[in-house]
Amino acid sequence: MCGIVGYVGAEDCAPFLLGGLRRLEYRGYDSAGVAIIGPQGLAVVRARGKLQNLEQLVAREQPVGSTGIGHTRWATHGRPSDENAHPHQYGGVAVVHNGIIENHLELKEQLRAAGHVFSSETDTEIFAHLIADAMEAGAGDLLAATRRALGRVRGTYALAVVARQEPGTIVAAKNASPLVVGLGEGENYLASDVPALLDRTRDVIFFEEGEIARVRADRVELATLAGVPVQRAPRRIDWTPVMAEKGGHKHFMHKEIHEQPRAIVDTIRARASVETGDVVLDGTSLEADAARALRRIVVVACGTSYHAGLVGKHYLESVARVPCEVDLASEFRYREPIVDAGTYCVAVSQSGETADTLAAMREAKNRGARTMALCNVVGSAIPREADDVLYTHAGPEIGVASTKAFATQLAAFFLLAVRLGRLRGTLSQERSRALLTALRTTPALMEEVLRREDQVAAAAREYSGARDVLYLGRGIQAPVALEGALKLKEISYVHAEGYAAGEMKHGPIALIDANVPVVVLATASQTYEKMLGNMEEVHARGGRLVAVVNDGDTHASRLADRALFVPACDPLVQPIVNVLPLQLLAYHVADHRGTDVDQPRNLAKSVTVE
C-alpha cells in the first residue's frame with residue numbers, strides 16, 4: 105500500500121520523484137523519502153509525515169542527480185519516523201520496498217553477527233545490507249547482487265534499488281506487490297501504480313511475479329529471478345493526467361461520487377444489449393456447458409468490495425439461480441474451504457492488488473475452482489492470474505474511501521448475473537430485457553440524486569456532531585447499510601455500524617436514544633412494511649431517523665426526521681441509486697468536521713500486505 109517511483113535519464117530527477125509521490129498520495133502513507141545518485145554520489149532525504157515535509161527538506165538540501173528512487177511508507181515494521189522512512193541505505197546502496205520480509209528477524213541476526221549495525225526498526229533495511237554485501241563479495245553488478253540477496257529472502261516485495269557504484273541504473277523486482285515500468289525517450293520510469301507516470305508516458309510494462317529488471321535511460325532488461333530473459337510488449341494506458349485531477353471539486357472523493365453515472369455507463373457500454381436481452385463480457389470465456397456445470401459461486405473480497413459482493417450474491421442467486429457465498433478474503437484460507445471444480449470463485453478488488461484477495465483466489469484455484477477477477481485496474485495482479493476477467497471501467501479512483509468502485513462493482517455483478525442466467529437457461533429473454541433496461545436507465549437516476557445534494561448536506565450539518573450512528577437495511581439493502589456505515593467511519597472518524605434491520609431487536613436497539621441517529625434504507629421493496637416497523641421502534645425510543653425513501657413516499661418519510669428522496673426503480677438496481685445519498689452524507693459530515701477526506705488517517709487505498 106506504499107508508493108514507489110523511480111527515474112533514470114538525463115534530467116535532474118528530484119522534481120519527477122516528488123511529483124510521482126504526490127500522485128501516489130491516495131495510497132496512504134506516514135513518511136516519505138528519495139534517494140538520488142549524482143556527481144556527489146548517493147544522497148538520501150527522508151521525512152516523517154506529509155509529503156510537504158519532504159519537499160521542504162529537498163528544497164533545502166538540493167540533492168542533484170539523474171537517477172533516483174522515491175517512496176511513501178505506510179508503517180508495517182517500526183513506528184512512523186524519519187529513521188524508519190524509506191529509502192534505506194548501506195554501503196552506497198539505497199532501497200525502497202513495499203511488502204513484508206517474513207524471515208527478517210533471522211536475517212537481521214545473521215547480519216548483526218557479521219558486524220552489521222542497523223539504523224532503523226524496519227525489515228526493509230535488510231535488503232540494503234544484503235545487496236551491499238553481495239556487491240562487496242564480488243557477486244557482480246547491481247542486478248546480480250540484488251538477485252543474490254533476493255535468494256535469501258522469504259516474503260513479499262516490490263523492490264527498487266540504486267547504488268553509488270553503478271550510476272544510471274535502477275534494479276527492480278516484484279513478488280506479490282505491484283510494480284510497473286514506464287517507457288520514455290532517452291529516459292525510463294518506475295512506479296508502484298500507473299498514475300505516478302501519466303504526465304510522462306502511457307506506455308508501460310507490468311512486472312509479473314518473480315521478475316527482475318535493470319532499468320537504464322536507453323533500455324529496460326526484464327528477466328526472471330532465475331535469469332531467463334523476458335520479452336513483453338508494452339501496454340498502452342488510455343487514462344490521461346487530467347482524469348486524476350479534482351476538476352473543480354473540493355476533494356477527489358466528491359469528484360468521484362459525481363463521476364459514478366459516467367462510470368456506470370462505461371461499465372455497461374457495449375456489454376448489455378436490451379434488444380437481444382444478452383450480455384457479452386469481454387475477458388471471459390465461460391460458455392453454456394461450463395455455466396450449467398457450476399454448482400456454486402464463492403465471492404472473496406475485502407472492505408467495500410466485500411459489501412459489493414453481498415449485493416452481488418442477491419443478483420447471482422435471484423437472477424442466475426446459482427448458490428453464492430461471500431467470504432472475507434482475509435478469512436477464506438484459514439478454514440479449509442470446500443472448493444472444487446464445480447465452484448466459480450469471483451475475486452473482487454478495486455486495485456486488483458489486494459493481498460488477501462489475491463491469496464484467497466490462489467487458494468481457490470489450487471483447489472480446482474475456476475476463477476474470475478472483478479476489478480478496476482487493467483493488468484493488475486488478480487486479473488493476470490484469473491481465468492476470466494471483468495473490468496469495471498471506473499477510471500482512476502484517488503480518494504482512499506471507495507465510491508465509484510463500489511457502484512461499478514454492483515453493475516458488473518448485475519451483468520455477470522444476467523450473463524450466467526442466460527447461459528444456464530434460468531433467465532428468460534423477456535426478463536433479461538427488462539433487467540438490462542433497468543440497468544441502462546440507472547445513470548440518469550443517479551444524476552437526479554446528485555442534483556439533490558443540498559438535502560443531504562443539510563442533514564449532514566444537523567448530525568455531524570453525533571458520536572455514534574446506526575445504519576439499517578433489509579434484504580438487498582442490508583449490504584448498502586454496511587457500506588454507508590463504513591464510509592462514515594472511514595472519513596469522519598464517527599463510530600458507525602450497519603445492520604440487517606431484522607437484527608435490530610437482537611441487540612442494537614439497546615443503543616438507541618436521542619443521541620444516536622439511525623439511517624434507514626426505506627425504499628420500496630417486499631420488506632418495506634417491515635422497515636416501517638423498525639422505524640416505529642426507533643421513533644418510540646426517541647431516536648432520530650434519517651430515511652432514504654422513494655419519491656412520492658408518504659409513510660417512511662413521515663416517520664423520519666430527515667427524508668432523503670431518491671427516484672424509484674427496479675428493486676435490483678435500487679442499491680446503486682441508494683448508495684449515493686449515503687456516500688454524500690459521509691462526505692459532508694467529514695467535510696463539516698474538518699477531517700482529511702481524501703487521505704483519512706491510518707488507511708491506504710491499495711492494501712498490498714496481509
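Counted from 1, the sequence shown has number 528 at position 424 by our numbering; the numbering is strictly sequential.
Glycine included, C-beta positions come from ideal geometry on N, C-alpha and C.
Check	Outcome
Around the C-beta of Ala515, are 16 or more other C-beta atoms found within 10 angstroms, so that it is buried, or is it exposed?	buried
What residue from Tyr448, Leu649 and Asp322 has the CA that sits closest to Gly286's CA?	Asp322
List, from N- to C-terminal side, the alpha helix (DSSP H) runs of 4 residues or more that fit wholly inside the segment 508-547.	508-528
In terms of DSSP beta bridges, what is Ala277 paired with?	Leu263 and Ile316
Taking the alpha carbon of Lys354 as the reference point, which residue from Leu707, Arg705, His696 and Asn706 has its own alpha carbon closest?	His696
I want to know whether the segment 536-547 touches the segment 651-670 - three or more CB-CB distances under 8 Å.	no
Helix, strand or coil: how does DSSP classify Ile442 here?	coil
How should Asn619 be labelled, buried or exposed, when 16 other C-beta atoms within 10 angstroms of its C-beta is the threshold for buried?	exposed
Using a Cβ-Cβ cutoff of less than 7 Å, which residues in the same chain neighbour Ala694 once the five nearest sequence positions on both sides are dropped?	Ile595, Ser596 and Val701
Can you tell me whether Gln630 is buried or exposed? The criterion is at least 16 other CB atoms within 10 Å of its CB, across all chains shown.	exposed
Would you tell me roughly how many angstroms separate the C-alpha atoms of Arg164 and Arg705, rounded to the nearest one?	28 Å
Specify the secondary structure class of Gly288 as computed by DSSP and reduced to three states.	coil
For the segment 235-261, list the alpha helix (DSSP H) runs that are entirely contained and at least 4 residues long, ordered along the chain.	246-254
Out of curiosity, what's the CA-to-CA distance linking Gln703 and Leu125?	14 Å
Any chance you could list the beta strand (DSSP E) runs of at least 3 consecutive residues sitting entirely within the segment 385-472, in chain order?	400-405, 428-432 and 447-453
Identify whether Leu676 lies in helix, strand or coil by the three-state DSSP scheme.	coil
In chain order, what residues of the same chain lie with their CB nearer than 6 Å to the CB of Gly738, ignoring the 5 residues before and after it?	Here the chain has residues from 105 to 714 only, and residue 738 is not among them.
Quick check: the Cα distance between Ala690 and Ala295, rounded to an integer number of angstroms?	32 Å
Sort Gly577, Ala459 and Leu592 by Cα distance to Ala626 and report the nearest one.	Gly577
Looking at Gly529 and Val423, is the spacing between their C-beta atoms short of 8 Å?	no
With a threshold of 16 other CB atoms inside 10 Å of the CB of Val404, please say whether the residue is buried or exposed.	buried
Go to Phe310, then tell me how far its beta strand (DSSP E) extends in each direction, as first and last residue.	Asp307 to Phe310
Thinking Val112 and Gly244 are a contact (beta carbons under 8 Å), I'd like their distance in whole angstroms, please.	Their Cβ separation, rounded to whole angstroms, is 19 Å, which puts Val112 and Gly244 out of contact at 8 Å.
Given Gly123, which residues of its chain have a CB within under 6 Å of its CB, disregarding the five upstream and five downstream residues?	none
What are the residues that DSSP puts in a beta bridge with Asn202?	Ala262
Would you say Glu192 and Thr171 are within 8 Å of each other, going by their C-beta atoms?	The residue asked about is misnamed: residue 192 is His in this sequence, not Glu. Not closer than 8 Å, so no.
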